[in-house]
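In what follows, a single structure is set out as structure tokens and then discussed.
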Amino acid sequence: PHLSAQRKKSRRHHQTMQSHYFPRDKNYSQNISKIIHNHGLNGVISLLARRLARLVIKTAKTLTSKGVIRAASVTAGLFVLQALYVLVKTPRLSPPDKSGVNFPREGLSVSLQNEDRCRIEKGSADSAGKGSKTKWREFRLVLIGDSPVEGIGNSHHSVALSGRTAEAFAKLVCRSGREHDDRALKGKQYDSVRYWSYGKSGLTARGVNREMVPLLHRVVDDVVSSSNGDTAAENCFEKPIHAIVLLCGVNNVLDPRPTTFYRDVHSLIHSIKHHPKFGSIDKDTPLLILGLPDFTKLPFLPSWPMGWILGFRGRYIQHVLETVIQEVQQEEMIESGRIQTRMVRIPELNDVLGTIGYQRYESSSCSIDDANSESDGATESVLRKMQNPFKMKFCHPLLEYLGAVGLDQAKISSLGMQDFLSDDGFHPGRYGTIYCGNLIVDAYRKIMSNTL
């Protein structure tokens, strides 16, 4: 009874105030005039503010009652179910033998047998160049990062991302009976590429800095200590390491604290570039940072809501990574006038495999020689195809790298997304490691040519 009396009193007070401000027997202009006469302009403003607040609260209650919060909870529950499904259905792939921290301390060597084939061997530079009159020149490459660097999804290091990257570097910098076309690489031909690959699955940017960067510094210590007393300083062109490749950020997408990524990646790049014993690795050593893939296009993730949410977080991490790299590039321009840190962006495979928009025709369909060797009817057909290029299938320039592993044009044109990924649908495998390795080498070539 007491509460009922209070409600009735409150209702009567509300009706009294409403009839005072807006009497039903008078029009709206007279009501406003009366409020201004009794309370001034401040009274009108306060009344409108109260009515606006009441409208907002009523709208929020209406939306809540219509299920906005309920829809959000359903989406969160569906995300958790999809995450559990992905964890159960995605196969757990193992890395190659002697990977991660157990990678051979002396590294693996890749030498160029001819322009298309490479040979991977284990051993030191002295044993590799034994019996030769000239000193053996090695290009030294170090890769650090997370699971792709460890080689998850690949059976051998030769077909993993590290081995394919070293193979692509060997085709660029090693001697093959011809001079380099790149101005920056002339006079700097090497006999082999020696690489170290230190990665571990699940590492964030902070984990890479804590666990993998000390292994990079150990490589620098070993190279410097082994070259002490060596009179031929030009063997390595006065560099302990010639290129560093960094992969990080994918596991930060799943990190509950993504806002710390900016500070973590800043600290990681600083730790890579500054050796604790020698002060700095080398100001001219290129640092190549591989970007993140588009999570919305990965086949192992459901498109919504899990793929959409992870794609949004991945784009945020990619944006932060690009921001940090731009700041580092500005610092390098101020200090040395040259940019040695570069982002290696991964183009979307759907755009690459779609191949529409790239003016590069298949040789079997648009060769002038084939047209001249055929009959008149066939010649008209071929020329008609050449005059209507949008009816033909184009080839993305990046797919030309796959021709080095024995793929013809017909096979390349039939490739799909699954041919670039391992069995889990996430890690690079098969032709994806070749693809990413050549992207890294292209970025190195642009750095050496001092072009952005």
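Just so you know, we're using our numbering here: the sequence shown kicks off at 192 and counts up by one. A virtual CB, placed ideally from N, CA and C, is assigned to each residue, including glycine.
6 Å Cβ shell around residue i - same chain, five flanking residues per side excluded
i, result
"R397", "D455"
"D317", "Summary for D317: the model assigns pLDDT 45, below 50, so the residue's position carries little reliability; its value from the coordinates is reported in the next sentence. Within the same chain, D317 has no close Cβ partners at all."
"Y507", "none"
"Y622", "L593, D610, F611"
"N641", "none"
"L630", "V535"
"K457", "It is worth fixing the name first, because residue 457 is His in this sequence and not Lys. Closer than 6 Å at the Cβ level, and outside the excluded window around H457, lie V515."
"N293", "none"
"H347", "P287"
"H433", "F330, R331"
"D485", "E539"
"L239", "none"
Residue nearest to residue i in terms of C-alpha spacing, selected from the options
i, options, result
"T395", "S338, L598, I525, R245", "S338"
"S392", "R241, G354, A434, P286", "P286"
"I537", "S494, I500, T281, I625", "I625"
"R355", "L459, Q600, W387", "W387"
"S417", "R296, R533, Y453, I335", "R296"
"T451", "L512, H408, D485", "L512"
"L299", "Y592, S383, V292", "S383"
"L352", "W327, R331, G390, L363", "G390"
"R385", "L332, H457, D485, I248", "L332"
"D412", "Q600, V271, G268, H465", "H465"
"S290", "A240, S349, A263", "S349"
"V265", "W495, D485, Q600", "W495"
Residue i vs residue j beta-carbon contact at 8 Å
i, j, result
"G344", "L438", "no"
"V535", "L481", "yes"
"P431", "V415", "yes"
"G628", "E358", "yes"
"V519", "L590", "no"
"Y381", "E329", "yes"
"G528", "V444", "no"
"L540", "K488", "yes"
"L407", "I460", "no"
"L334", "V436", "yes"
"L278", "V632", "no"
"E270", "I525", "Reading off the sequence shown, one finds Phe at residue 270, where the question assumed Glu. No, the Cβ-Cβ distance between F270 and I525 is not below 8 Å."
Contact set for residue i: own chain, Cβ-Cβ below 8 Å, skip 5 residues either direction
i, result
"Q531", "K474, D475, T476, P477, L478, E523, I638"
"P490", "M608, Q609, L612, G616"
"Y453", "V511, T514, V515"
"T281", "F491, D615, G616, F617"
"Q509", "G440, G482, L483"
"A262", "none"
"P619", "P339, G344, L352, F611, L612, S613, Y626, C627"
Close Cβ partners of residue i (< 7 Å) along its chain, the five nearest in sequence each way excluded
i, result
"A274", "M497"
"V441", "D337, L483"
"G322", "In this prediction, G322 has a pLDDT of 42, which is less than 50 and means its spatial position is unreliable; what the coordinates show is noted afterwards. Excluding sequence neighbours, G322 sits near nothing in its chain."
"A634", "L479, R533, V535"
"P493", "Q273"
"D446", "T395"
"P467", "H408"
DSSP bridge partner residues for residue i (one or two, in chain order)
i, result
"Y153", "Outside the displayed range of the chain (192 to 643) lies residue 153, so it cannot be described from this structure."
"I335", "Y389, L437"
"R533", "L479"
"E329", "S383"
"L612", "P619"
The ligand SAH heavy atom lying under 7 Å from the CB of residue i
i, result
"P282", "What this structure holds is no ligand at all, so the ligand SAH is not there to describe."
Any C-beta of chain B under 8 Å from that of residue i
i, result
"K464", "In the displayed structure, chain B is absent; only one protein chain is listed."
message: If contact is defined by three or more beta carbon pairs under 8 Å, each pair taking one atom from either stretch, is the segment 400 to 420 in contact with the segment 349 to 367?
response: no
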